[in-house]
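The block underneath contains the structure these notes are about, expressed in structure tokens.
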Amino acid sequence: MAGPEHSLYRQVILEHARQPRNAERVEPHSHVAEAVNALCGDEAEVTLRLENERIAAIGARVRGCVISQAAASLMTEAVRGLPLAQAARLGGVFRQAIEQGETGALPPELIPLAPLIEVRKHRSRIRCALLAWEAIETMAGETAPGG
Amino acid sequence: MAGPEHSLYRQVILEHARQPRNAERVEPHSHVAEAVNALCGDEAEVTLRLENERIAAIGARVRGCVISQAAASLMTEAVRGLPLAQAARLGGVFRQAIEQGETGALPPELIPLAPLIEVRKHRSRIRCALLAWEAIETMAGETAPGG
Amino acid sequence: MSDNTENTSNAENPYRGDFPILAREINGHPLSYLDNAATTQKPRAVIDALVRFYEHHNANVHRGVHTLSEEASSLYEEARAKVAAFIGASAAEVIFTRGATESLNMVALGFARGLLRPGDEVLLTEMEHHSNLVPWQEAARETGAVTRFARITDSGTLELEDFAAQLNERTRLVALTHASNVLGTLNPVAELTAMAHKVGAVVVVDAAQTAPKGLVDVAALDCDFLAFSGHKMYGPTGIGVLYGKAALLERMTPAFTGGGMIAKVDKERASWGEVPRRFEPGTPPIAGAVALGAAVDYLQGVGPAELRRREAGLTAYALEALDAAEDVTVFGPPAGDHRTGVISFNLRGVHPHDVAEVLDETGVAVRAGHHCCQVLMQRLEVPGVVRASLGLYNSREDVERLLAGLNRVREVFGVSGVSGGEAARRGRA
Amino acid sequence: MSDNTENTSNAENPYRGDFPILAREINGHPLSYLDNAATTQKPRAVIDALVRFYEHHNANVHRGVHTLSEEASSLYEEARAKVAAFIGASAAEVIFTRGATESLNMVALGFARGLLRPGDEVLLTEMEHHSNLVPWQEAARETGAVTRFARITDSGTLELEDFAAQLNERTRLVALTHASNVLGTLNPVAELTAMAHKVGAVVVVDAAQTAPKGLVDVAALDCDFLAFSGHKMYGPTGIGVLYGKAALLERMTPAFTGGGMIAKVDKERASWGEVPRRFEPGTPPIAGAVALGAAVDYLQGVGPAELRRREAGLTAYALEALDAAEDVTVFGPPAGDHRTGVISFNLRGVHPHDVAEVLDETGVAVRAGHHCCQVLMQRLEVPGVVRASLGLYNSREDVERLLAGLNRVREVFGVSGVSGGEAARRGRA
Ligand SMILES: Cc1ncc(COP(=O)(O)O)c(C=O)c1O
Ligand SMILES: Cc1ncc(COP(=O)(O)O)c(C=O)c1O
Chain A
81 MAGPEHSLYR QVILEHARQP RNAERVEPHS HVAEAVNALC GDEAEVTLRL
131 ENERIAAIGA RVRGCVISQA AASLMTEAVR GLPLAQAARL GGVFRQAIEQ
181 GETGALPPEL IPLAPLIEVR KHRSRIRCAL LAWEAIETMA GETAPGG
Chain B
81 MAGPEHSLYR QVILEHARQP RNAERVEPHS HVAEAVNALC GDEAEVTLRL
131 ENERIAAIGA RVRGCVISQA AASLMTEAVR GLPLAQAARL GGVFRQAIEQ
181 GETGALPPEL IPLAPLIEVR KHRSRIRCAL LAWEAIETMA GETAPGG
Chain C
-6 MSDNTENTSN AENPYRGDFP ILAREINGHP LSYLDNAATT QKPRAVIDAL
44 VRFYEHHNAN VHRGVHTLSE EASSLYEEAR AKVAAFIGAS AAEVIFTRGA
94 TESLNMVALG FARGLLRPGD EVLLTEMEHH SNLVPWQEAA RETGAVTRFA
144 RITDSGTLEL EDFAAQLNER TRLVALTHAS NVLGTLNPVA ELTAMAHKVG
194 AVVVVDAAQT APKGLVDVAA LDCDFLAFSG HKMYGPTGIG VLYGKAALLE
244 RMTPAFTGGG MIAKVDKERA SWGEVPRRFE PGTPPIAGAV ALGAAVDYLQ
294 GVGPAELRRR EAGLTAYALE ALDAAEDVTV FGPPAGDHRT GVISFNLRGV
344 HPHDVAEVLD ETGVAVRAGH HCCQVLMQRL EVPGVVRASL GLYNSREDVE
394 RLLAGLNRVR EVFGVSGVSG GEAARRGRA
Chain D
-6 MSDNTENTSN AENPYRGDFP ILAREINGHP LSYLDNAATT QKPRAVIDAL
44 VRFYEHHNAN VHRGVHTLSE EASSLYEEAR AKVAAFIGAS AAEVIFTRGA
94 TESLNMVALG FARGLLRPGD EVLLTEMEHH SNLVPWQEAA RETGAVTRFA
144 RITDSGTLEL EDFAAQLNER TRLVALTHAS NVLGTLNPVA ELTAMAHKVG
194 AVVVVDAAQT APKGLVDVAA LDCDFLAFSG HKMYGPTGIG VLYGKAALLE
244 RMTPAFTGGG MIAKVDKERA SWGEVPRRFE PGTPPIAGAV ALGAAVDYLQ
294 GVGPAELRRR EAGLTAYALE ALDAAEDVTV FGPPAGDHRT GVISFNLRGV
344 HPHDVAEVLD ETGVAVRAGH HCCQVLMQRL EVPGVVRASL GLYNSREDVE
394 RLLAGLNRVR EVFGVSGVSG GEAARRGRA
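Residue numbers (the working numbering), protein chains in the order written: chain A, 81 to 227; chain B, 81 to 227; chain C, -6 to 422; chain D, -6 to 422.
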């Protein structure tokens, strides 16, 4: 059952947290990165395999709250098939959308993540929604110099 | 002309500051001590000569405000003829009188110093009234072990 | 069974009316503020003390000859005397700081670094707050000393045998908390101090969680240094206290220097003024100190016995209800004399932050996370806990709303467990 | 002659009404508060911000999930953003401290001690406040570096040639005040910083006296660190700011450690969180920061140009009158763009404390003494000075009452000199 209107816990978020998509480690993988939320100790490990420069497989293992789990699950679905750099850019757009509270202009890939924008009213939880994306940014940053 | 009722600057204080008694160095002296008020940098140097274990001559040179000058002048008059230890005790009584604001029970030697008790309402000036007495206490403390 | 007569309702609580913020609504519900271990709310008397200071007496202290400065200085020193009386110290042993964390760092920098030699040991406990742990780790790292940790039992009390066993002639300093900000455990500081003194160690006590309960008596504890914060004892933020025995403060080096703490400065060097001024460089948090004095007055008005009685009753009531829920794990000792009203727990299958978030949706304010006790979390083998901590204004309703809120958490996340309603009922049976 | 139209009377001053304390009587007289360089009075908006925080939003910041904690955290971070905008910095470069003294010490301990090597030089000026002098002396003493002092001229300005001559490739750090708290001198910090950067020195600016005037723009000054206090800029006591360039803050070591500033702690070691959190261990002065934000709003409302215009007019008026009295010696530069409204002087034959005391009897609040500038006093060859320092609410009457009060001083101590009445008349002619 859904929470009150101001609740973070919309049905879709609860479902993704309960049954996260792509919650397994990808083996073999071409990339792996971890992200830790220093404020609460929650952790995300993201593994992925690029094929033809695109994300062919991705897995996010999260030890954390419902928000960080659901956000990771939604992230994996949003970025599959994209080049890594484009995935990282998408993360930046998502971050901005949260910080500015804008859901109107979300690119199509991010529309399923719209319910997470609600965290903007709960500033202590913003990093939960961004945790798995940070791992993507780390990977993209690492590969950036090499191309 | 005297200041208002709450003024520190009673006539007697102004007179002692203008014409301090015993403002010269005593030579030869048996004791010398300095006191400095760290909060404003004012200084008092007290010299005295004991004869038959009593203060036969005393001098207080003060670089400081009206209160510290008048207090030093009044001090020199109060302790002349006393044994050093008794002079230091008198200083303790005076200190207490200021801290508790009591003028009633002053010993006869301290009665001329009664106008200084007013400094209790001006806590930043209390040390001015006690500066020269601190030098006496220093001397008494130094001689105490030896007798 | 706890005695219900001790657990007043809001209507019967004579202190609630003193705290303006309790009138607030949160997400359409009344506020049940159960985050008192993080910071307490402020009674009108404390807020008024701030306003009165700024509207009538504001000036810088020290050296000021004019009336306002004399008044501000007197109020500041009166506050010091009040705090000193509250903890059984003399005024010259009370240093105003910015808070417990700063107090502890001042000892670590100004005292421990001069004391410790390579191979020396600093004994801590597994339940220390980062503010009473990291500064000692740093001091040890810089001096070549070693930190050790006295273990805790599974019920969250200090293992006294282990503490005794770890004390030895290399132990130069013991830093421990008077009460845990997670477990609620009250440590037997007087005994531990006596043991530490036998081996010649200096004892530093973190009293952040006990000063608010009127439990600090430095003469009885006989500790060497003791630290606490104003904001956790119904006073303002930005003010705290370091108590030190006079002789040790004389040996301590000022960590920070500047205006107001010197005796004399020239181009080559500076010398220090007397204690406690020596440790208060710059303009102190004057209004904060004055308002902390008002908080002490307020606590003295309530009385330590009453503070303890109320908290003990409500703690027993809450613990009983939480223990009765089989999906709730409570960390820390059972109700009784050796604990405060800090209650940490986890609800099976739900992350602590999610518990806290849903409780907030019902107006119940608790804290979730590691509570600046990561070493303790490692010991408890949990990433975090939910913490409900009681204050003077809490009443039966607050505990009941916490229990009802946990039911809501179970609903939202679809986790089973003894229904909270039943747990609450059992708790109250 | 200064333009009288700039010097409003109390009745014409639109800001006086904002400051409740100005209604106070002192010894039967209205209050003329001329001790603004020590601390300023607080407008209703700042007092209200404190009350509002404690009555509606009080909670601890960081990590708190519940509504009050979210609100308190937002207010705290909004205050940081306001302060950053006020000084032309980005929010991540603004660290909340307890005051300017703590800010400067943090740099001395956390940055300078890692930077300085034996033989390195730290360049100061003869007009530094103890809070921007003793910490560098200590850092130098501990590292084997040497402190040097750029000289000042007889009119109280920095000797630029001497400053230039003392800068050399061994100069690793320059610490100087933006404006003197005794002389009122405004130093050309942007130029001096450029000179210092040429030799590779890091520049630390003490802006305690200029932040209240809206004179700080870190982008224009290009200094590396900058410190100031809330209580001198119409904000509360117990809060201050350290600005640091982002890259330098990354290199700075936290002087104090504890809760809230760590990334991870275990029994062996701790790692630090990100900047600026890394430098704010423990519970910060939350309400103080929020109220400092309100003070910034207030100052922005008045506007830096208006602040300067009012102060410049009244300063010129006061200087003129004081200069006209032949028994008054004024220290510091003449009226004009290169000074603030801090006016120090001595009255021949009367100790500064006695001047201040008698002025207080007439309701005029000034400060007397060394003003935490003993090195400067040695340079001026005086034990102390009387200081009248202007704030936003001061008007012509305050200066006139100062002048009349000096006449009273002359009367009480029977010192001659041009009669103050005449001096004042001359000043206004
Ligand atoms: C120029 C200057 N620097 C530093 C300080 C120290 O400020 P605070 O005492 O607020 O730390 C002051 C004020 O006392 C000052 O005037
Ligand atoms: C046990 C304990 N010690 C130390 C502290 C640190 O206090 P503060 O954050 O006020 O400096 C706290 C509170 O956070 C605490 O609970």
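We put the CB at the ideal spot given by N, CA and C, even for glycine.
Within a Cβ cutoff of 7 Å, which residues of the same chain sit near residue i, ignoring the five residues on either side of it in sequence?
i, result
"residue 427 of chain C", "For residue 427 of chain C there is no data in the structure shown, the boundaries of chain C being -6 and 422."
"residue 75 of chain D", "286, 289, 290"
"residue 197 of chain A", "177, 178, 181, 183"
Can you confirm whether residue i, when its beta carbon is compared against all beta carbons of chain D, has any partner nearer than 8 Å?
i, result
"residue 171 of chain C", "no"
"residue 159 of chain A", "no"
"residue 116 of chain B", "no"
Flag residue i as yes when its Cβ comes closer than 7 Å to any non-hydrogen atom of ligand 2, and as no otherwise.
i, result
"residue 492 of chain C", "The question about residue 492 of chain C has no answer, for chain C in this structure spans -6 to 422."
"residue 125 of chain C", "yes"
"residue 161 of chain A", "no"
"residue 322 of chain C", "no"
Please return the same chain residues whose Cβ sits closer than 8 Å to the Cβ of residue i, not counting the five positions on each side in sequence.
i, result
"residue 216 of chain C", "182, 186, 196, 197, 198"
"residue 330 of chain D", "179, 305"
"residue 83 of chain C", "77, 239"
"residue 418 of chain C", "Any reading at residue 418 of chain C must be qualified, since the residue scores a pLDDT of 35, below 50, and its modelled position is unreliable; no value is offered."
Looking at ligand 1, does it come within less than 7 Å of residue i, judged from the CB to the closest heavy atom?
i, result
"residue 225 of chain D", "yes"
"residue 93 of chain D", "yes"
"residue 222 of chain D", "yes"
"residue 365 of chain D", "yes"
"residue 185 of chain A", "no"
"residue 201 of chain D", "yes"
"residue 81 of chain C", "no"
What residues in its chain sit with their C-beta under 6 Å from that of residue i, if we drop five residues either side in the sequence?
i, result
"residue 43 of chain D", "280, 284"
"residue 302 of chain C", "none"
So that I know if they touch, is there some Cβ in chain C lying closer than 8 Å to that of residue i?
i, result
"residue 207 of chain B", "no"
"residue 210 of chain A", "no"
"residue 139 of chain D", "no"
"residue 49 of chain D", "yes"
"residue 196 of chain B", "no"
Of all the CB atoms in chain B, is at least one closer than 8 Å to the CB of residue i?
i, result
"residue 119 of chain D", "no"
"residue 266 of chain C", "yes"
"residue 199 of chain D", "no"
"residue 405 of chain D", "yes"
"residue 425 of chain D", "With chain D covering only -6 through 422, there is no way to say anything about residue 425 of chain D."
Using a Cβ cut-off of 8 Å (strictly closer), state whether residue i contacts chain A.
i, result
"residue 378 of chain D", "no"
"residue 56 of chain D", "yes"
Just to check, is the beta-carbon of residue i closer than 7 Å to a non-hydrogen atom of ligand 4?
i, result
"residue 170 of chain D", "Looking for ligand 4 in the displayed structure turns up nothing; the ligands present are ligand 1 and ligand 2."
| task | Check whether the segment 84 to 93 of chain C touches the segment 389 to 401 of chain D, taking contact to mean three or more Cβ pairs, one atom from each stretch, closer than 8 Å. | result | no
| Within the chosen definition, does the segment 308 to 324 of chain C reach the segment 107 to 126 of chain C through at least 3 CB pairs nearer than 8 Å? | no
| message | Which runs of the alpha helix (DSSP H) at least 4 residues long sit entirely within the segment 86 to 152 of chain A? Give them in chain order. | response | 91 to 98
| query | Taking one C-beta from the segment 358 to 376 of chain D and one from the segment 12 to 29 of chain D each time, how about it: are there three or more such pairs within less than 8 Å? | reply | yes
| message | Check whether the segment 329 to 346 of chain D and the segment 370 to 387 of chain D touch, using three or more Cβ-Cβ pairs below 8 Å as the test. | response | yes
| Of all the alpha helix (DSSP H) runs that stay within the bounds of the segment 155 to 196 of chain A, which reach a length of 4 or more residues? | 164 to 180
| message | Quick test of the definition: if touching needs 3 or more C-beta pairs under 8 Å, does the segment 89 to 105 of chain B touch the segment 234 to 246 of chain C? | response | no
| field | Residue ranges of each alpha helix (DSSP H) within the segment 123 to 176 of chain D, 4 or longer | value | 127 to 136, 153 to 159
| query | Counting pairs of beta carbons, one from the segment 245 to 255 of chain C and one from the segment 116 to 135 of chain D, are three or more of them closer than 8 Å? | reply | yes
| query | Just checking, does the segment 165 to 178 of chain C make contact with the segment 116 to 123 of chain C on the three C-beta pairs under 8 Å criterion? | reply | yes
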